[in-house]
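Here the sequence shown is numbered in this note's numbering, starting from 135 and rising by one per residue. Note that CB positions come from ideal geometry on N, CA and C, so glycine has one too.
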Amino acid sequence: MSEEAKWEALNSRHLAAALKRLKQRLERLASGEKLKAQDAGPETPAAKSREDGLPAFLLLERALGLSPFERDLLLLCATAEFDSAFPSLFAKAQGDPGRTSPTFALALSLLDDPTWDALSPERPLRYFRLIEINQPGAQALTVSALRADERIVNYLKGLNYLDDRLAPFVAAVGSDQPAAEMPPSQGELGRQVTAPWRLASAAAPPPIVQLLGADSGAKQLIALDAAVRLKRQLYRMPADALPAQPAELEMLGRLWQRESLLLPVALWIDAQEIDASDAHAATIRRFLARCAGFVMLSVREPWPRLPRESSMVDIIKPTMDEQRAAWQCICGDGDTQGPTALASQFNLNIADIARIGAITKAEQGSGKAPLRDRLWDACRARVRPMLDALAHRIEPKATFDDIVLPAEQTGLLHQIAAQVNQRGKVYGEWGFGARANRGLGISALFAGDSGTGKTMAAEVIANELRLNLYRIDLSAVVSKYIGETEKNLRRLFDAAEDGGAILFFDEADALFGKRSEVKDSHDRYANIEINYLLQRMEAYRGLAILATNLRSSLDNAFTRRLRFIVNFPFPGVVERRGMWQKAFPPQTPVRTLDHDRLARLNLTGGSIHNAALNAAFLGAQANSPVTMPLALAAARAEFVKLDRPVNEADFRWLETKEATA
Numbered sequence: 135m136s137e138e139a140k141w142e143a144l145n146s147r148h149l150a151a152a153l154k155r156l157k158q159r160l161e162r163l164a165s166g167e168k169l170k171a172q173d174a175g176p177e178t179p180a181a182k183s184r185e186d187g188l189p190a191f192l193l194l195e196r197a198l199g200l201s202p203f204e205r206d207l208l209l210l211c212a213t214a215e216f217d218s219a220f221p222s223l224f225a226k227a228q229g230d231p232g233r234t235s236p237t238f239a240l241a242l243s244l245l246d247d248p249t250w251d252a253l254s255p256e257r258p259l260r261y262f263r264l265i266e267i268n269q270p271g272a273q274a275l276t277v278s279a280l281r282a283d284e285r286i287v288n289y290l291k292g293l294n295y296l297d298d299r300l301a302p303f304v305a306a307v308g309s310d311q312p313a314a315e316m317p318p319s320q321g322e323l324g325r326q327v328t329a330p331w332r333l334a335s336a337a338a339p340p341p342i343v344q345l346l347g348a349d350s351g352a353k354q355l356i357a358l359d360a361a362v363r364l365k366r367q368l369y370r371m372p373a374d375a376l377p378a379q380p381a382e383l384e385m386l387g388r389l390w391q392r393e394s395l396l397l398p399v400a401l402w403i404d405a406q407e408i409d410a411s412d413a414h415a416a417t418i419r420r421f422l423a424r425c426a427g428f429v430m431l432s433v434r435e436p437w438p439r440l441p442r443e444s445s446m447v448d449i450i451k452p453t454m455d456e457q458r459a460a461w462q463c464i465c466g467d468g469d470t471q472g473p474t475a476l477a478s479q480f481n482l483n484i485a486d487i488a489r490i491g492a493i494t495k496a497e498q499g500s501g502k503a504p505l506r507d508r509l510w511d512a513c514r515a516r517v518r519p520m521l522d523a524l525a526h527r528i529e530p531k532a533t534f535d536d537i538v539l540p541a542e543q544t545g546l547l548h549q550i551a552a553q554v555n556q557r558g559k560v561y562g563e564w565g566f567g568a569r570a571n572r573g574l575g576i577s578a579l580f581a582g583d584s585g586t587g588k589t590m591a592a593e594v595i596a597n598e599l600r601l602n603l604y605r606i607d608l609s610a611v612v613s614k615y616i617g618e619t620e621k622n623l624r625r626l627f628d629a630a631e632d633g634g635a636i637l638f639f640d641e642a643d644a645l646f647g648k649r650s651e652v653k654d655s656h657d658r659y660a661n662i663e664i665n666y667l668l669q670r671m672e673a674y675r676g677l678a679i680l681a682t683n684l685r686s687s688l689d690n691a692f693t694r695r696l697r698f699i700v701n702f703p704f705p706g707v708v709e710r711r712g713m714w715q716k717a718f719p720p721q722t723p724v725r726t727l728d729h730d731r732l733a734r735l736n737l738t739g740g741s742i743h744n745a746a747l748n749a750a751f752l753g754a755q756a757n758s759p760v761t762m763p764l765a766l767a768a769a770r771a772e773f774v775k776l777d778r779p780v781n782e783a784d785f786r787w788l789e790t791k792e793a794t795a
């Protein structure tokens, strides 16, 4: 016979003996016989645990802090579920054929050492919902019918399972990745989670462990590992599942507290998308005030003012070496460069890497791109749904052949792309990562008038590196509400971190203006917001670009922290000539244009693009190729749109002078 079967048999014997004693005592009370104290209570084994042979009703007594009277009262309320003879005995003992359920008055006369406070709201029987009281109208509590909670009845039988009333709020977490496959760095995090619980005093609830960071997948893995280490079943509770009504929330908290005392469980509350200052955070705190046991709170940043002691563990991704090793298993030993490039650009869990690898390999077939390229594209695609909701994705089409800039600026763009490409080698293999004080991010400032090519330059870099490009309007991100700007930026960087996207922050002067004397709290918070953005840019594994039309309005104290500053000058004649030469796609029918003449018009690259597009529409409408008069007419319209003075001679063209250039 198994140990479990032995305990079940033992529990049945002890329960039957306890019920027999209660039945005998009821029969004596019904017959008017005087009761003796030694007949009241059940036999108490010397065992101290289930493994030692302690029956369920005594385990319950110890776990929930019941007095002997409360324990026997609970057994009395459960008797009818075990023996159909009890209802008639209750009626006889109470002298009323209609009273077929036990009452508190009956318990006071039947059981030893009665206490009047046993049914007070703060005592275990009612606090933990161990019994149900049927008290219609103004009926006295002492004569109201009592019955044991169904979950508790089954516990007394030896059936220990989570109360099904918790099913809408929690779900068991199973392991789809064995703990042995966890990388060493994350295995260490599991030990950090359990450490404060192992050190906690038995007299106080264990501390709440806050799991910090943006990676929900890693948090689940580590929370599961921590639960396994303590031989507990992990349950996940989405924070938005908590009821808003105080009474429902109170009941839920008490139920979970009861279950955590009766079962080896641990709770993982997923509040990943909730800020500590949100209204819903107050609901979570109220629940935690009632929720004892082992609790992990998943949040992005530390929550202050939790209702009991807490500790914090930063949940980070596997190291770059661990990710490289995982990619190597997918790419094979023949590819020595691909794993390094993938690990240095994308920041993924081992499970995510394995999933991407399995899906990508399953699509392999003739005519497909090399595995390394398809893995790269799969990593890019993974982050898009998260970022698309927070920023505007730009599909990069421009290349270095398309952009026209002075040699110095073009060289800086090449340097930026090269640093992103070689980051893994320099920071990892060459050891510079260990010396970095502010993070491994690559940041740049693009400064210049509107239309001088800042956005196009970001496109060129994204195209060169085969990365996603997202434009963020900082003027829209900055909030007048204190703390909201950091929250907006945090969500953005957290979503972008995995996929190494290029973040292009436009309108940087909305945040990075000249610092002035700090006069009030809003001035102080403005500087906090700036520093927060710079810190996230420095720590970001991708490329972050700030763009501004007003370089002079940016404080040097901030710009000194940027790796690159690229000034986009108003294009000169040489640059404008090159822009006009590249303005029309090869498919566009163009009659020979005088590019030198067009280059004399003071327009930016953006305006030249607009003029070329408008000239093409004029030609299409006239069923004509793009001619010099059409190009000049479109350029003139651009001048008018920009409210620039128009010299009509600049836009006059004589067909006899048609250019030969």
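Review point. Counting only runs that start and end within the segment 546 to 608, where is the beta strand (DSSP E) found for 3 or more residues in a row?
Key: Fully enclosed beta strand (DSSP E) runs of no fewer than 3 residues occupy 576 to 582 and 603 to 607 of the segment 546 to 608, in order along the chain.
Check your understanding: Identify the residues that DSSP records as bridge partners of D640: which are they?
Key -> Assignment of beta-bridge partners to D640 by DSSP yields D607.
**Study point:** Stretch pair the segment 605 to 614 + the segment 562 to 569: three plus CB contacts closer than 8 Å
**Key:** Between the segment 605 to 614 and the segment 562 to 569 there are fewer than three C-beta pairs closer than 8 Å, too few to call the two in contact.
Check your understanding: If you count every other CB in all the chains shown that lies within 10 Å of the CB of W250, and 16 or more means buried, which is it?
Key -> Label assigned to W250: exposed.
Practice item. Output the distance between the C-alpha atoms of V652 and D689, rounded to the nearest integer angstrom. Key: At V652 the pLDDT is 47, less than 50, meaning the model places this residue with poor confidence; the figure from the coordinates comes in the next sentence. Counting only the Cα atoms, D689 lies some 15 Å from V652.
Review point. Out of T533, Y561 and L253, which has the shortest C-alpha to C-alpha gap to E593?
Key: Ranking the options by Cα distance to E593, first place goes to T533.
Practice item. Could you have a look at S222 and say whether DSSP puts it in helix, strand or coil? Key: S222: helix per DSSP, three-state reduction.
Point to revise | Nearest residue (CA-CA) to A681, options V287, D247, T586 and T761 | key: Nearest C-alpha to A681 among V287, D247, T586 and T761: T586.
Exercise for review: Below 8 Å on the Cβ atoms is my guess for V612 versus A644; work out the distance and round it to an integer in Å.
Suggested key: At roughly 5 Å, the Cβ-Cβ gap stays under 8 Å, so V612 and A644 are in contact.
Point to revise | Cut-off 7 Å between Cβ atoms - residues of its own chain near M520, not counting five sequence neighbours on either side | key: Within the same chain, and ignoring the five residues on either side of M520 in sequence, the residues whose Cβ sits closer than 7 Å to its Cβ are A629.
Review point. Taking the C-alpha atoms as reference points, what is the distance between D247 and R281?
Key: Near 21 Å, if we compare the C-alpha coordinates of R281 and D247.
Check your understanding: Which residue comes first and which comes last in the beta strand (DSSP E) that contains A277?
Key -> Reading off the sequence shown, one finds Val at residue 277, where the question assumed Ala. Element bounds for V277: n/a, residue is neither H nor E.
**Study point:** Nearest-angstrom beta carbon gap, Q344 and M446 [assumed within contact, 8 Å]
**Key:** The Cβ separation is near 5 Å, so the contact holds.
Exercise for review: Output the boundary residues of the alpha helix (DSSP H) element that contains A475.
Suggested key: Following the DSSP letters along the chain, one finds A475 inside the alpha helix (DSSP H) bounded by residues G472 to Q479.
Practice item. Taking only the alpha-carbon atoms, compute the straight-line gap between I265 and R155 and give it to the nearest angstrom. Key: Roughly 21 Å between the two C-alpha positions.
Practice item. Verify whether the separation of the beta carbon atoms of Q367 and L397 is less than 9 Å. Key: A Cβ-Cβ contact shorter than 9 Å links Q367 with L397.
Practice item. May I ask which residues mark the beginning and end of the beta strand (DSSP E) holding I679? Key: Segment L677 to T682, the beta strand (DSSP E) holding I679.
Check your understanding: Using CA coordinates, which residue listed in A360, A552, D522 and R527 is at the minimum distance from L603?
Key -> It is R527.
Practice item. For K353, count neighbouring Cβ atoms within 10 angstroms of its own Cβ and tell me buried if that reaches 16, exposed if not. Key: Answer is buried; the Cβ neighbour count reaches 16.
Check your understanding: Who are the near neighbours of R260 in its chain, counting only those whose CB is closer than 8 Å to its CB and skipping five residues on each side?
Key -> Around R260: L253, S254 and I267.
Review point. From F698, A769, A305 and P258, pick the residue whose C-alpha is nearest to that of Q543; which is it?
Key: Minimum Cα distance to Q543 is reached at F698.
Check your understanding: Helix or strand or just coil, what does DSSP make of S411?
Key -> Residue state, collapsed to three classes: coil.
Review point. Helix, strand or coil: which one does DSSP assign to S444?
Key: Correct three-state label for S444: strand.
**Study point:** the segment 429 to 439 / the segment 474 to 485 touching (three or more Cβ pairs under 8 Å)
**Key:** The segment 429 to 439 vs the segment 474 to 485: no contact.
Point to revise | Reference H349, options I484, N757 and S278, closest by Cα | key: In the sequence as presented, His is not what sits at residue 349; that position holds Asp. Checked all of I484, N757 and S278; the closest Cα to D349 is I484.
**Study point:** Chain-order list of residues whose beta-carbon lies under 6 Å from that of G427 (same chain, five-residue window excluded)
**Key:** Cβ neighbours of G427 beyond the five flanking positions: S394.
Check your understanding: Where does V307 sit, in a helix, a strand or coil, going by DSSP?
Key -> Assigned with DSSP and collapsed to three states, V307 falls in coil, not helix or strand.
Practice item. For the alpha helix (DSSP H) containing E709, list its first residue and its last residue. Key: V707 to Q715 is the span of the alpha helix (DSSP H), which, as asked, contains E709.
Check your understanding: If you draw a straight line from the alpha carbon of N661 to that of E497, how long is it in whole angstroms?
Key -> The straight-line gap from Cα to Cα measures roughly 49 Å.
Exercise for review: Identify, in the order they occur along the chain, each residue of the same chain with its Cβ nearer than 6 Å to the Cβ of K226, setting aside the five sequence neighbours on each side.
Suggested key: The answer, listed in chain order, is A164.
Review point. With respect to the alpha helix (DSSP H) encompassing L153, which residues constitute its N-terminal and C-terminal limits?
Key: E137 to A164 is the extent of the alpha helix (DSSP H) around L153.
Practice item. For A174, collect the residues of the same chain with a Cβ closer than 6 Å to its Cβ; drop the 5 residues on either side in sequence, then sort them by chain order. Key: Reliability of the predicted coordinates at A174 is poor, the pLDDT of 47 falling under 50, and no value is obtained from them.
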